[in-house]
Amino acid sequence: MNIGILTSGGDCPGLNAVIRGAVRKGVRETGDTFVGLKDGWRGLLEADYAPLTTHDVRGISGRGGTILGTSRTHPYSQGGPDQMKRVMKEHNIDAIIAIGGEGTLAGAARLADDEGMPVVGVPKTIDNDLNNTDYTFGFDTAASIATESLDALRTTAESHHRCMVVEVMGRNVGWIALHAGMAGGAQAVLLPEFPVPYEQIYTWVRSARDRGRAPIVVVAEGFVSEDLDDQVSDAGRDKHGRVRLGGVANHLAPLIEEATGVETRATILGHLQRGGSPTAYDRVLATRLGMAAVELVHHKKWGYMTSLSGVDITSVQMALAVDNLKKVPQSRWDELQVLLG
Ligand code: F6P
């Protein structure tokens with residue numbers, strides 16, 4: 001078969017490992033050929049692609065970003081499914097592997113289920129917010145970068161007896177904040193799922209200060225305190241109308257300083273968490289998911305995505321995975337409490 005691969009939505013460490021895994025598996029085992037579609041759905045809509053050989057994917061599994069480029073182009077724009085079908089026919093592309101997050105996979109599910117297109121998916125997101133897969137690649141890398149940053153900030157915080165508020169990514173869910181906060185020994189962890197009041201944050205900071213610690217507060221960018229009406233965003237909206245989050249740490253730092261008397265600084269980690277080399281865990285997961293995507297194609301499981309269940313790679317219907325987000329459950333929040341303050 002001639003298989004088109006695309007990466008769509010925000011990039012994520014591990015995308016290149018998926019591409020390599022798929023190409024190696026397809027070329028070596030099932031005699032497939034591949035084309036790399038540029039910048040997500042745009043590449044398919046505009047027939048902008050290049051051949052992807054085993055030579056092209058040599059040595060890329062440790063490289064961050066995506067060699068194919070990515071964009072947030074909507075699959076139903078620019079002529080949508082009809083245009084895609086035309087391009088696939090004219091260019092002899094038999095199937096599509098779409099690697100993406102919730103938005104991409106929701107689009108891919110519609111193309112397969114409603115338009116009858118030969119599309120399978122591979123889930124990715126540093127936020128780890130996709131349902132029906134235990135983890136997404138990119139998350140381990142992002143949580144590790146955030147943890148290393150907490151370790152670094154702690155040494156300067158301790159020297160100055162300061163509080164540090166560290167903002168991590170997480171639009172709707174707090175998985176990165178939860179894992180980095182636990183791994184880095186934060187005294188306060190603020191997640192979008194659990195809107196604690198300001199007074200609770202001050203109590204955690206005071207308690208750490210009273211024990212002689214430099215308090216570290218980890219906050220997910222999408223956190224909304226009980227005392228606020230909406231998410232904090234300093235940067236308006238992107239060209240697709242999505243709120244550009246970022247700034248909740250800057251909002252909280254002066255409030256904490258004022259209420260507790262502890263000198264406080266804010267750091268926003270931002271896109272640092274999405275860049276650089278994937279961890280070994282993410283490389284392995286991504287490679288396995290890429291290889292499994294080729295199997296889905298050969299079994300004609302259109303509308304399905306590869307998925308991690310425990311330590312096994314399985315497949316699930318994409319439409320089910322994008323139904324609602326995988327939030328941090330109450331049990332993980334309750335478990336965390338003993339470590340705070
Ligand atoms: O969904 C992944 C993510 O990294 C979010 O955590 C973040 O809010 C968003 O993407 C940032 O998107 P962009 O790169 O378009 O600013």
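In terms of the UniProt record's numbering, the sequence shown opens at residue 1 and continues consecutively. Each residue gets a CB set at the ideal place from its N, CA and C atoms; glycine is no exception.
Residue closest to H298, alpha-carbon to alpha-carbon, out of A106, I313, S207 and D94: Translated into the one-based positions of the sequence shown, residue 298 becomes position 298. Nearest C-alpha to H298: D94.
Whole angstroms is fine: what's the gap from V120's alpha carbon to V294's? On the sequence shown, position 120 is the one that residue 120 refers to. On the sequence shown, position 294 is the one that residue 294 refers to. If you take the alpha carbons of V120 and V294, they lie about 9 Å apart.
What separation, rounded to the nearest whole angstrom, lies between the Cα atoms of H161 and R213? The residue labelled residue 161 in the question sits at position 161 within the sequence shown. The residue labelled residue 213 in the question sits at position 213 within the sequence shown. Their backbone Cα atoms lie some 8 Å apart in a straight line.
Does any heavy atom of the ligand F6P sit closer than 7 Å to the C-beta of G170? Sequence index remark: in the sequence shown, residue 170 carries index 170 (1-based). It does: the Cβ of G170 is within 7 Å (strictly closer) of some heavy atom of the ligand F6P.
Within 10 angstroms of its Cβ, does K239 collect 16 or more other Cβ (buried), or is it exposed? Locating residue 239 in the sequence shown gives position 239, counting from the first residue. Exposed is the call here.
Is the number of C-beta pairs between the segment 135–143 and the segment 2–15 that are closer than 8 Å three or more? yes
Only counting the same chain, and skipping five residues up and downstream in sequence, which positions put a Cβ closer than 8 Å to that of T267? For the purposes of this step, residue 267 is taken as the residue at position 267 of the sequence shown. Taken in chain order, the residues that qualify are S149, L153, M164, V165, V166, E167 and A249.
Got a sec: does the ligand F6P put a non-hydrogen atom nearer than 7 Å to the Cβ of L340? Position 340 of the sequence shown holds residue 340. Flag unset: Cβ of L340 not near the ligand F6P.
Touching or not, the segment 310–320 and the segment 179–197, by the rule of three or more beta carbon pairs under 8 Å? no
Figure out for me which residue from G21, W41 and G290 has the closest Cα to the Cα of L111. The residue labelled residue 111 in the question sits at position 111 within the sequence shown. Ranking G21, W41 and G290 by Cα distance to L111 puts W41 first.
Measure the CB-CB distance between L44 and M84 and report whether it falls below 8 Å. Mapped onto the sequence shown, residue 44 falls at position 44. Mapped onto the sequence shown, residue 84 falls at position 84. Yes. Within cutoff.
Going straight from the alpha carbon of S277 to that of D129, what length do you get? Taking the first residue of the sequence shown as position 1, residue 277 is located at position 277. Taking the first residue of the sequence shown as position 1, residue 129 is located at position 129. Cα-Cα distance, rounded: 21 Å.
So, is E102 buried or exposed, given that buried needs 16 or more other C-beta atoms within 10 angstroms? The residue you call residue 102 lines up with position 102 of the sequence shown. Buried, since its Cβ has 16 or more Cβ neighbours within 10 Å.
Identify, in the order they occur along the chain, each residue of the same chain with its Cβ nearer than 6 Å to the Cβ of E46, setting aside the five sequence neighbours on each side. Here residue 46 is taken as the residue at index 46 of the sequence shown, counted from 1. No residues qualify anywhere along the chain.
Does the ligand F6P have a heavy atom nearer than 7 Å to the CB of T125? Looking up residue 125 in the sequence shown gives position 125. Correct: T125 has its Cβ closer than 7 Å to the ligand F6P.
Quick check: is any heavy atom of the ligand F6P less than 7 Å from the C-beta of D94? As a working mapping, residue 94 is identified with position 94 in the sequence shown. No; taking the cut-off as 7 Å, the Cβ of D94 has no heavy atom of the ligand F6P nearer than that.
Alpha carbon of A188 to alpha carbon of R211, nearest angstrom: Start at 1 with the first residue of the sequence shown, and residue 188 comes out as number 188. Start at 1 with the first residue of the sequence shown, and residue 211 comes out as number 211. Computed Cα separation, rounded: 14 Å.
Residues near Q78 in its chain [Cβ-Cβ closer than 6 Å; skip 5 each side]: On the sequence shown, residue 78 is found 78 positions in, with the first residue counted as 1. Once the five neighbours on either side are set aside, the close Cβ partners of Q78 are L45.
Just verifying my parser: in three-state terms, what is the DSSP assignment at V232? Counted from its first residue, the sequence shown places residue 232 at position 232. Here V232 sits in coil by DSSP.
Which word fits S61, buried or exposed, when buried means at least 16 other C-beta atoms lie within 10 angstroms of its C-beta? To locate residue 61, count along the sequence shown from 1; it is residue 61. Answer is buried; the Cβ neighbour count reaches 16.
Starting from A292, follow its DSSP beta bridges and name the residues at the other end. The residue you call residue 292 lines up with position 292 of the sequence shown. In the DSSP output, where bridge partners are listed per residue, A292 has none listed.
Is G10 near the ligand F6P, in the sense that its beta carbon is under 7 Å from a heavy atom of that ligand? Locating residue 10 in the sequence shown gives position 10, where the first residue counts as 1. At least one heavy atom of the ligand F6P is nearer than 7 Å to the Cβ of G10, so yes.
By DSSP, does G21 sit in helix, in strand, or in coil? As a first step, residue 21 is located in the sequence shown; it is residue number 21 there, counting from the start. Here G21 sits in helix by DSSP.
CB contact flag (V205, I256, <8 Å): On the sequence shown, residue 205 is found 205 positions in, with the first residue counted as 1. On the sequence shown, residue 256 is found 256 positions in, with the first residue counted as 1. Yes. Within cutoff.
Run through the DSSP bridge pairs and tell me what N2 is partnered with. Locating residue 2 in the sequence shown gives position 2, where the first residue counts as 1. Looking at the DSSP assignment, N2 forms a beta bridge with T33.
Under the criterion of a Cβ to heavy atom distance below 7 Å, does R110 qualify as lining the ligand F6P? Position 110 of the sequence shown holds residue 110. False, no ligand heavy atom lies under 7 Å from that Cβ.
Cβ-Cβ distance between Y198 and D234 below 8 Å: In the sequence shown, residue 198 corresponds to position 198, counting from 1. In the sequence shown, residue 234 corresponds to position 234, counting from 1. Contact flag unset, no.
Just tell me which of L191, G246 and L6 has its CA closest to the CA of G36. For the purposes of this step, residue 36 is identified with residue 36 of the sequence shown, where counting begins at 1. Ranking L191, G246 and L6 by Cα distance to G36 puts L6 first.
Report the rounded CA-to-CA distance for V27 versus I3, giving the unit in angstroms. For the purposes of this step, residue 27 is taken as residue 27 along the sequence shown, with counting starting at 1. For the purposes of this step, residue 3 is taken as residue 3 along the sequence shown, with counting starting at 1. C-alpha separation (whole angstroms): 11 Å.
What are the uninterrupted segments assigned as alpha helix (DSSP H) that are 4 or more residues long and contained completely in the segment 177–248, given in chain order? 198–210
Taking 8 Å as the threshold (C-beta atoms), are T104 and D11 in contact? By one-based count along the sequence shown, residue 11 stands at place 11. By one-based count along the sequence shown, residue 104 stands at place 104. No; because the gap between Cβ atoms is not below 8 Å, this pair is not in contact.
Quick check on DSSP: helix, strand or coil for K124? Here the question's residue 124 lines up with position 124 in the sequence shown. Correct three-state label for K124: strand.
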